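Notes to accompany the following structure.
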Amino acid sequence: MSASAPVAKYLKDYRPAPFLIDRVDLEFDILDSHTSVRARMVVKRNPKADASDTLQLDGSAELVAVRLDGEALAPSAWTLADEVLTLPGVPESFILDIETRLEPAANTSLMGLYASNGNLYTQCEPEGFRKITYYLDRPDVMAKFSTTLIADRQRFPVLLSNGNKVGEGLTENRKRHWVKWVDPYRKPAYLFAVVAGKLSVLRDHYTTRGGRKVTLEIYVAPADMDKTAHAMSSLKKSMQWDEQVFGLEYDLDTYMIVAVGDFNMGAMENKGLNIFNTKFVLANRETATDFDFEGVEAVIAHEYFHNWTGNRVTCRDWFQLSLKEGLTVFRDQEFSADMQSRAVKRIEDARGLRALQFPEDAGPTAHPVRPESYIEMNNFYTLTVYEKGAEVVRMIHTLVGAAGFRQGMDLYFRRHDGQAVTCEDFVAAMADANHIDLTQFKRWYSQAGTPVLDVSLDWFAEGGAASLTVRQHCPDTPGQTDKLPFHIPLAVGLLAADGSELPVTLASDDAPGPLTRVLSVTEAEQTFTFVGLNEKPLPSLLRNFSAPVRLNYAYRDEELAFLCAHDSDAFNRWEAGQTLATRELLRLYRGEGEATLSACLIDAFAQLLDHADSDPAFAALALTLPAEVELLELQDHADPARLCQVREQARAELAQALAERWDAAWRRHSGLAFRHEDAGRRALKNLALSYLALLPGGDAGALASQQYQQADNMTDRMGALAALADSHSHARDTLFADFAQRFADEALVMDKWFTLQAGSRRQDVLRTVTALMEHPAFALTNPNKVRALIGAFGRNLAAFHAADGSGYRFMADQVLAIDAINPQVASRLVSCFNRRSRVEPARAELMRVELARVLAHDGLSRDVYEIVSKNLN
Ligand code: ARG
Ligand code: ZN
């Protein structure tokens with residue numbers, strides 16, 4: 001960064017806005033060369049703020065004119081500096097007219113108004129509205145919006161904004177048309193949206209429980225109409241689920257979803273007009289995998305659920321982002337759990353949290369669920385705010401139960417509908433509705449880092465009692481040391497030697513306790529004594545992953561194998577297998593003992609595979625070794641290349657030891673006609689194929705080719721390709737070439753093709769990725785493409801961490817190139833340097849050199865500056 005380093009904003013500095021905006025009437029005049037925006041705002045002093053007659057508006061658009069109560073203001077009557085427009089000496093209330101001039105075609109940041117494929121779209125959260133006009137661009141300023149769009153009829157037949165369409169017509173020469181929209185609900189500017197362009201629409205209807213007939217519309221490029229059915233059915237399911245589970249109904253007559261191929265994130269919940277990355281709308285069986293179908297359903301649900309948790313009740317300031325995101329992720333997780341297998345969903349979510357959020361919480365950008373400061377808010381749309389935030393909400397759910405949680409939600413809406421509030425307000429509603437004290441619990445919002453629980457069990461045969469001692473501590477994180485104990489719900493079960501479940505009874509109980517008991521851990525060290533036991537029990541701890549913590553317990557390997565086979569808690573069956581596998585992998589990595597996998601692990605996997613068909617989706621998860629990134633977190637001064645090599649070696653051993661079983665599993669689940677509900681069988685089959693591909697002299701090439709050619713769906717086609725992605729075989733080249741040709745016109749499918757190659761174990765990955773950047777389907781300006789190719793390379797531990805530093809150098813070059821185009825995307829990419837402290841010193845130094853080079857670059861964005869400077873601290 002050059003002259004002045006960017007400055008941070010602090011939660012402690014929050015003050016109510018000095019002015020409020022009651023109404024905004026916007027007019028977008030869309031012309032070939034540019035778009036003119038006229039904003040008329042009804043402004044008044046905020047009675048709840050300190051009196052001031054200086055109005056300061058956020059904005060970075062080209063300012064054309066300012067009028068106050070109809071009078072044009074001379075340039076001397078205002079100042080514009082650092083993206084703030086200052087108007088001194090304004091009256092108590094007035095009408096302000098602002099005219100700006102935008103160039104959407106030149107806007108590569110994809111924030112504010114931008115062009116994609118000739119159409120226009122907006123993204124305003126968190127601070128994009130200021131790129132459109134000058135405004136009090138903060139979520140606690142809520143106004144009623146109307147929007148008129150005027151554009152050429154041929155080029156922009158579809159003109160959309162929030163709320164209800166109240167009028168439309170033609171201009172005098174009939175070449176242009178206009179549409180006016182009015183949103184009856186007050187909203188912050190970040191929920192504003194417009195869309196203009198040539199789009200096709202899938203239309204359907206939904207009648208709410210209360211009898212409102214809602215028109216549902218999904219707008220996509222004409223060629224994508226055959227990929228919209230799943231999104232529509234997902235939307236209807238979401239609407240129904242929110243009525244059934246939370247009693248929440250939709251509140252406008254139209255619900256619109258628009259898909260766009262150039263989008264920074266997943267999707268956006270603009271009131272009545274969601275804008276989505278195509279990745280989370282478009283799906284049919286030829287182009288989308290089972291995983292993609294699941295993703296579409298979850299994101300459609302997520303954005304729909306925001307209508308209540310986010311839009312009707314919004315955030316007071318951006319530090320409260322998890323108020324809406326953590327809660328809405330929790331809601332979409334519960335929805336998905338109800339749509340599929342609850343246990344499998346929980347395992348997937350916990351696995352994601354541990355592989356991605358735990359490292360974030362242990363790294364240089366660690367921050368609390370409610371951050372205390374930020375330089376660039378876009379950097380705080382994080383796994384911590386979203387996924388850990390959802391875990392925090394889930395812990396409240398666990399503590400108060402489903403009915404208590406519903407009461408808390410009801411009270412939250414009764415108190416705060418139409419308001420901009422804080423995380424404190426949410427917790428207060430939960431506490432008040434359930435008459436419990438959540439004071440200590442709130443530390444989950446303010447303390448960063450992943451708590452560690454060290455648990456031990458003492459057995460007292462004479463008294464038939466076992467006492468469980470739980471110690472907790474939380475590692476220091478940047479700016480936070482000496483943390484106070486958390487309030488942790490710890491779900492515990494007890495297993496007998498025959499695998500049956502024993503009641504978890506405390507001395508204070510007058511009857512046998514439940515089979516799963518949620519203990520409230522609140523102290524740094526605490527002991528719980530279980531009574532009425534005839535034998536020493538084996539504890540099953542943190543059932544269903546009841547808290548986002550790391551838990552240590554000195555299980556013997558045989559005990560883990562036993563839990564893996566017998567625990568009634570599916571999550572802990574999975575967890576026991578993963579713990580056993582992690583131990584083995586780290587032992588091999590450290591070169592301790594035999595250089596081969598233990599019989600205990602191989603037997604456990606054999607048993608899982610023998611029982612796989614009763615729940616193939618679960619089996620596919622249980623038979624997958626812990627990810628390399630998870631292993632990296634458990635090792636100091638790690639050599640990432642060696643970690644990858646050890647994991648591959650372990651996979652090869654499992655392939656050989658269980659070869660017949662893998663082959664049988666592959667055959668049992670092959671050649672079936674496609675049904676969505678067979679996703680678990682496909683997952684197991686493709687896992688089997690990936691193991692078979694590791695057999696020396698095996699015929700995986702032939703099996704994969706057969707599967708690829710006969711595939712009637714993308715999951716199987718991708719499974720075949722993935723199984724060969726690391727090989728140098730002729731079959732591989734043939735399949736990859738066929739795939740690229742077959743799907744040349746399908747942008748989202750080409751993303752998969754890029755990702756498979758960028759994630760390959762082959763030595764030539766960097767050369768391949770560099771060459772693919774020249775491929776006609778690649779574009780540095782498209783976030784999906786960058787994530788699919790360059791992002792995937794950054795996640796390829798072996799290639800990114802190449803000992804010669806070539807991976808680091810490549811990534812730093814790309815970060816700088818992309819930063820000039822789209823800072824948000826660049827800042828996500830540069831985060832792959834965040835685990836520098838985990839890797840061995842030689843690599844860490846090579847990483848530091850590249851980070852320093854990025855930081856020294858002239859004109860670096862605030863986004864990248866914030867991440868890199870935290871890295872180098
Ligand atoms: N609120 C959106 C969601 O549903 C995310 C928008 C984030 N956009 C951004 N440019 N940071 O999660
Ligand atoms: Zn969200």
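Per UniProt numbering, the sequence shown starts with residue 1, numbered consecutively. The beta carbon of each residue, even a glycine, is placed where N, CA and C say it ideally should be. Given the structure is predicted, the values throughout are model-derived calculations rather than measurements.
Taking 8 Å as the cut-off, the Cβ atoms of D569 and G493 count as close. Note on geometry: alpha-carbon atoms of D29 and Y134 lie some 17 Å from one another. Annotated three-state conformation of Q419 is coil, per DSSP. With a cut-off of 7 Å, the C-beta of P126 is classified as near the ligand ARG, since at least one heavy atom of the ligand falls inside that distance. The C-beta of L829 has 16 or more other C-beta atoms within 10 Å across all chains shown, which makes the residue buried. In this structure F330 is buried. Its beta-carbon is surrounded by 16 or more other beta-carbon atoms within 10 angstroms.
In the three-state scheme derived from DSSP, where H, G and I count as helix and E and B as strand, L623 is classed as coil.
Taking 8 Å as the cut-off, the Cβ atoms of L855 and S837 do not count as close.
Contact annotation: V245 and Y219 have beta-carbon atoms that are not nearer than 8 Å. At a cut-off of 7 Å, the beta-carbon of M256 does not count as near the ligand ARG: no heavy atom of the ligand is closer than that. Secondary structure at T781: coil, using DSSP grouped into helix, strand and coil. Under the three-state reduction of DSSP output, D224 falls in the helix class.
Note that the C-beta distance between A744 and A777 is below 8 Å.
Excluding sequence positions up to five before and after C644, its CB lies within less than 6 Å of the CB of E628, L797 and A798, all in the same chain and listed in chain order. Three or more beta-carbon pairs separated by less than 8 Å are not found between the stretch 310-329 and the stretch 197-217, which leaves the two stretches without contact. In the DSSP assignment, the residues bridged to M268 are I275.
Apart from the 5 residues on each side of it in sequence, E99 sits with its Cβ closer than 6 Å to the Cβ of R38, V64 and A65 in its chain, given in chain order. With fewer than three CB-CB distances shorter than 8 Å, the stretch 278-288 does not count as touching the stretch 344-356. The Cβ-Cβ distance between A650 and L588 falls below 8 Å. Just so you know, the alpha carbons of L735 and Y708 end up roughly 8 Å apart. Per DSSP, the continuous alpha helix (DSSP H) segment holding P640 begins and ends at P640 to A657. Between the beta-carbon of V839 and that of A638 there is about 5 Å, and that keeps the pair under the 8 Å contact cut. In its chain, beyond the 5 residues on either side, F246 have a beta carbon closer than 7 Å to the beta carbon of M409. Taking C-beta separations shorter than 7 Å and ignoring five residues to either side along the sequence, the partners of E535 in its chain run A496 and A497, following chain order. Unbroken beta strand (DSSP E) runs of no fewer than 3 residues, entirely contained in the stretch 564-620, are not found. For Y374, the beta-bridge partners assigned by DSSP are K9. Around the Cβ of H730, a 10 Å sphere holds fewer than 16 other Cβ atoms; the residue is exposed. Take the alpha-carbon of G261 and the one of P823: they are about 18 Å apart. Pairing G197 with V141 gives a Cβ-Cβ distance that is not under 8 Å. V385 counts as buried, since no fewer than 16 other beta carbons sit within 10 angstroms of its beta carbon.
Taken atom to atom, the span from the alpha-carbon of A688 to that of D716 is near 12 Å. With a minimum length of 3 residues, the unbroken runs of beta strand (DSSP E) contained wholly in the UniProt domain "Aminopeptidase N-like N-terminal" (93-191) fall at 93-102, 112-116, 119-123, 143-152, 158-161, 164-170 and 176-187. Within 10 angstroms of the beta-carbon of P88 lie fewer than 16 other beta-carbons, which makes it exposed.
By the CB criterion at 8 Å, E360 and H306 fall outside the cutoff.
If only complete runs of 4 or more residues are kept, the stretch 406-471 shows the alpha helix (DSSP H) at 423-434 and 443-446, in order along the chain.
Apart from the 5 residues on each side of it in sequence, V400 sits with its Cβ closer than 6 Å to the Cβ of N434 in its chain, given in chain order.
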